[in-house]
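Colleague: For the protein sequence lines, the chains are Y and A, in the order given. Going by UniProt numbering, the first sequence opens with residue 1, and the numbers climb by one from there. Going by UniProt numbering, the second sequence opens with residue 1, and the numbers climb by one from there.
Protein chains: 2
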Amino acid sequence: MTVADVAKAAQVSKAQAARALGNYGAVSDDVRERVLAAAEALSYRPNELARSMNTGKSHTIGVVVGDIENPHFGLATRGITDAAKKAGYNVILVNTDEDRAAEVEAVRILLDKRVDGLIVAPASSVDTAHLQQVHQSGRPLVFIDRTGGDLDVETLAVDMAKISLEATQHLLEAGHRRIAFISTLRTDAPYKPGMTLDSSQIEDRLEGMQRAFLAAGLPFPEDLVRLNAGDAESIRSITRDVLRGPERATAVVASDGLIALSVVEAIQELGLSIPGDVSFLMYDDFPWTRLTTPPLTVIAQPVYNMGVAAAKALIRQMEGLPPAAPAQFTATLVRRGSVGPCPDLQEPVAAGRTVAAP
Amino acid sequence: MTVADVAKAAQVSKAQAARALGNYGAVSDDVRERVLAAAEALSYRPNELARSMNTGKSHTIGVVVGDIENPHFGLATRGITDAAKKAGYNVILVNTDEDRAAEVEAVRILLDKRVDGLIVAPASSVDTAHLQQVHQSGRPLVFIDRTGGDLDVETLAVDMAKISLEATQHLLEAGHRRIAFISTLRTDAPYKPGMTLDSSQIEDRLEGMQRAFLAAGLPFPEDLVRLNAGDAESIRSITRDVLRGPERATAVVASDGLIALSVVEAIQELGLSIPGDVSFLMYDDFPWTRLTTPPLTVIAQPVYNMGVAAAKALIRQMEGLPPAAPAQFTATLVRRGSVGPCPDLQEPVAAGRTVAAP
DNA sequence: CCTAGGATTGAGACCGGACTCACATCGATT
DNA sequence: AATCGATGTGAGTCCGGTCTCAATCCTAGG
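1. Are Y:A311 and Y:I80 close, meaning C-beta to C-beta below 8 Å?
2. Tell me whether A:R226 sits in a helix, a strand or coil according to DSSP, three-state version.
3. What residues of chain A sit near Y:K113, judged by a beta carbon separation below 8 Å?
4. By DSSP, does Y:F329 sit in helix, in strand, or in coil?
5. Pairs of beta-carbons, one from the segment 5-15 of chain A and one from the segment 323-335 of chain Y, closer than 8 Å: are there three or more?
6. Tell me which residue opens and which closes the beta strand (DSSP E) that A:G25 is part of.
7. Using the DSSP secondary-structure output, state which residues sit across from Y:I182 in a beta bridge.
8. Taking only runs of the alpha helix (DSSP H) that begin and end inside the segment 62-93 of chain A, which ones reach a length of at least 4 residues, in chain order?
9. Using a Cβ cut-off of 8 Å, which residues of the segment 315-339 of chain A contact any Cβ in chain Y, in chain order?
10. Just to confirm the assignment: which complete beta strand (DSSP E) runs, minimum length 3, are found wholly within the segment 274-298 of chain Y?
11. Do Y:F220 and Y:P246 have their CB atoms nearer than 8 Å?
12. Listing by chain order, which chain Y residues have their CB less than 8 Å from the CB of A:S279?
13. Taking the alpha-carbon of A:Y44 as reference, which of A:A87, A:A4, A:T77 and A:T55 has the nearest alpha-carbon?
14. Check the C-beta distance from Y:T96 over to A:I68 and give it rounded, since I have them as a contact under 8 Å.
15. Classify Y:G88 as buried or exposed, calling it buried when 16 or more other Cβ atoms lie within 10 Å of its own Cβ.
16. Using a Cβ-Cβ cutoff of less than 6 Å, which residues in the same chain neighbour Y:F280 once the five nearest sequence positions on both sides are dropped?
17. For A:G66, which residues from the same chain have a beta carbon less than 8 Å from its beta carbon, with the 5 sequence-adjacent residues on both sides left out?
18. From which residue to which residue does the beta strand (DSSP E) around A:V303 run?
19. Using alpha carbons as the reference points, say which of Y:P71, Y:H176 and Y:G117 lies closest to Y:I259.
20. What's the C-alpha gap between A:F286 and A:G257?
21. Considering only heavy atoms of the ligand COA, does any lie closer than 7 Å to the CB of Y:M306?
22. Do you know offhand how far Y:A232's Cα is from Y:S183's?
23. Considering just the uninterrupted stretch of the alpha helix (DSSP H) at A:G337, what are its terminal residues?
24. For a contact meaning CB atoms closer than 9 Å, what does Y:L261 contact in chain A?
25. Just the chain Y side, please: which residues come within less than 7 Å of A:N228 by C-beta, in chain order?
26. For the candidate residues A:Q133, A:Y191, A:F213 and A:V308, whose alpha-carbon lies nearest to that of A:A167?
27. Please report the distance separating the alpha-carbon of Y:G148 from that of Y:T128.
28. Within 8 Å, do at least three Cβ pairs link the segment 26-34 of chain A to the segment 51-60 of chain A?
29. Please list, in chain order, the residues of the segment 154-183 of chain A that have any C-beta partner in chain Y closer than 8 Å.
30. State yes or no: is the beta carbon of A:A357 nearer than 8 Å to at least one beta carbon in chain Y?
31. With a threshold of 8 Å between beta-carbons, can Y:N95 be considered close to chain A, or not?
32. So, does the CB of A:R78 fall closer than 8 Å to a CB anywhere in chain Y?
33. Quick one: what's got a C-beta closer than 8 Å to residue 359 of chain Y's C-beta in the same chain, skipping five residues either side?
34. Could you check if Y:Y24 is buried or exposed, using at least 16 other CB atoms within 10 Å of its CB as the buried criterion?
35. Among A:F143, A:D150 and A:T2, which residue has its Cα nearest to the Cα of A:A313?
36. What separation, rounded to the nearest whole angstrom, lies between the Cα atoms of A:L296 and A:A41?
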């Protein structure tokens, strides 16, 4: 069913049918009625593809994230799609598995499909040539979660350094000095302070931690920053490693909800209790964190709202409106039960403590 | 940048440029080289919209699910997108919030966008006129998770009645007789055995439960089937309600992972212990279910694989291949720690038991 | 009654590819 | 030298809409 068919049925020209259907131009009541009736009778539906082709607008936005399976992105995506739908846009979703090559490919495909704009959670904040191209070509682009290095692109993210500072202070106040930070971030070399990381987010978090230690006049335990925690098994072994020996960590920070699962599991396997033996803190406030015993202390990020804001910002760009005042999202430290006083305080009281399974 | 531009730059006709670019027809080496060089120089990328328009194929599949935020669908979606990508297809995702009107709209939009096929988790297994239309129009369609009533559409789902029977038997063997089943499914009237439900899935689960009771020669506690558990608050109040009074439930089955969160929370708030006072069982094996104390007994569904299978089945349809042998997915009962012996056994030993918070 | 100006209307261009068709070109057959 | 099939090639159509433009119709003012 095409406009031509409808036109024929309504005994008018294609142009008139198109006008009646598209609700533009001048159409007599008589014609409009006949056309609409014919369209109804033939159950005509316009071909969006054809429409997009000469309007140049596809009413579709492309979203590129690391992994929808991760509830963090799931929720962000939900925010994006909700806001997009409200504004009459659809969403094409592409996964990258945090792989740069996949991201390049994803962006290319979306561009080929002529999406009106892109929301990307950049896999790398360093290697962003492909994103720079998009931005320079003038196609609306918004980043979510992480910045794209020095690209001047609107970015919806929380101030990670700040919340990381706050969280670290919380741990320091509880007496912890040996605080481990575990992340999946892939790096070529082991962590050294000041090294350039692929993820602005992780960089900021580490910076926040360092600032907290510095402010407290304490040395930053850089040996406990463990990156490259890829699969569940490696996370487990890293956790075991970090919690062993005389120099063991007394607190562990999990960089995301997926890591957290394996870390907590590893802690349980070691027969250590939270927070008795090890304090635990994680990024992302997933609902289940309230169900563990004890409930977990987390850093809550307004992920859904960030998704909504990203979509709105993008749509503003697409419609040529000036960018709104940049919303600053703040994460909050939700103190539940998984952070407790450090068991290994210098005081002799800590000596002779036995480790017991719950 | 269009083929015309490339053609001009390469000093050949549009047709020749298109042939060289599209890799079809006969093109001399000389022309091919010049065209490809020109395309490279102009960084030409074909307009997928235009291409789709006259091939009739958009290489895009539409996915309609209740809620991506739900990890169940998140994982399924991941399976779908992975399989789709591998076959060269993209995915447009639409959320319905399990609302039929939204689903109708979603299907309409995807059809307008000329997706090559649709994967739908029908919000209703009863009211499926819009899906029937899709199917009859010949557009490839696959259901996931739930059937579409009597529609003869390929459906990827687990045999719910079977696993529900098995799970119920497990509870019956532990001595439970008062088993509650809580689901978000919206209904107009309270549950009555045999009533038609909007969801084939829930219907099957309840049927499995009833069969288990029947086989054991026990009466099915239909008063404990609680539907319409919409938001977190209503789930909490239903849980409280069900666990109160002399006729209280001694075991609770949560129909999905989202409900489970609120149910467990409510149980904890009541100061009841799992599995001491209440046994608990839920659908979907989310990673966090291993982290609670005790870890939760769950019904694991091969969600990712179902997503993959759905995409593959759809792609077979789209490519005109005969449907593969229908894969039967089986869920498995993962017995962890949340199901224990019934505390209220008829024996007097149960009398005088005190309820203690953990 | 006549005409200017707005309302209607239809023909056709156009978006950017894919593809048909008629017309070369050319070495290989007879 | 005439014929033939296999390649190359360009002009032009088509997909299904949007939109421009010129032509036609009406109606009110003069």
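Cβ atoms here follow ideal geometry from the backbone N, Cα and C, with glycine treated the same way. It should be emphasised that the depicted structure is a prediction, and the values quoted were computed from it without experimental measurement.
Modeller: To lay it out plainly:
1. Closer than 8 Å, so yes.
2. If DSSP states are grouped into helix, strand and coil, A:R226 belongs with the strands.
3. Going along chain A in sequence order, the residues near Y:K113 (Cβ under 8 Å) are E48, L49, T60 and N90.
4. If DSSP states are grouped into helix, strand and coil, Y:F329 belongs with the strands.
5. No: fewer than three Cβ pairs fall under 8 Å.
6. Premise fails: A:G25 is in no beta strand (DSSP E) and is neither H nor E.
7. Per DSSP, Y:R226 and Y:A254.
8. DSSP runs (the alpha helix (DSSP H)) wholly in the segment 62-93 of chain A: 71-86.
9. Here the close residues number zero.
10. Under the rule that a run must span 3 or more residues, the beta strand (DSSP E) segments found entirely inside the segment 274-298 of chain Y read 279-283.
11. For Y:F220 and Y:P246, no; Cβs fall outside 8 Å.
12. In chain Y, no part has a C-beta under 8 Å from the C-beta of A:S279; the shortest such distance is about 16 Å.
13. Of the candidates A:A87, A:A4, A:T77 and A:T55, the one whose C-alpha sits nearest the C-alpha of A:Y44 is A:A4.
14. Wrong, their Cβ atoms sit about 17 Å apart, outside the cutoff.
15. Classification of Y:G88: exposed, given that the 10 Å Cβ count is below 16.
16. Cβ within range, chain order: V252, I274 and S338.
17. Short of 8 Å from the beta carbon of A:G66, and not among the five residues preceding or following it, lie these beta carbons of its own chain, in chain order: F73, N95, T96, D97, E98, A121 and A123.
18. For A:V303, there is no enclosing beta strand (DSSP E); the residue is part of the alpha helix (DSSP H) that begins and ends at V303 to M318.
19. Looking at Y:P71, Y:H176 and Y:G117, the one whose alpha-carbon comes closest to that of Y:I259 is Y:P71.
20. Near 7 Å, if we compare the C-alpha coordinates of A:G257 and A:F286.
21. This structure lacks the ligand COA, and indeed carries no ligand of any kind.
22. Distance between the alpha carbons of Y:A232 and Y:S183: 12 Å.
23. Neither: A:G337 is in no alpha helix (DSSP H) and is coded neither H nor E.
24. Result: P287, W288, R290 and L291.
25. Those do not exist, as A:N228 stays about 21 Å from chain Y at its closest Cβ, beyond 7 Å.
26. Relative to A:A167, the option among A:Q133, A:Y191, A:F213 and A:V308 whose CA is nearest is A:F213.
27. A direct Cα-Cα distance of roughly 6 Å separates Y:G148 from Y:T128.
28. Between the segment 51-60 of chain A and the segment 26-34 of chain A there are fewer than three inter-stretch CB-CB distances shorter than 8 Å, so the stretches are not counted as touching.
29. The residues in question: there are none.
30. Reliability fails at A:A357, whose pLDDT of 40 lies under 50, so the model's placement of it is uncertain and the value that follows must be treated cautiously. False, the Cβ-Cβ gap to chain Y never drops below 8 Å.
31. Chain A contact via Cβ: present.
32. Yes, contact with chain Y.
33. Outside the displayed span of chain Y (1 to 358) sits residue 359 of chain Y, for which this structure offers no information.
34. By the neighbour-count criterion, in which a residue is buried when 16 or more other Cβ atoms sit within 10 angstroms of its Cβ, Y:Y24 is exposed.
35. Taking only the C-alpha atoms, the option nearest A:A313 is A:F143.
36. Between A:L296 and A:A41, the C-alpha separation is close to 60 Å.
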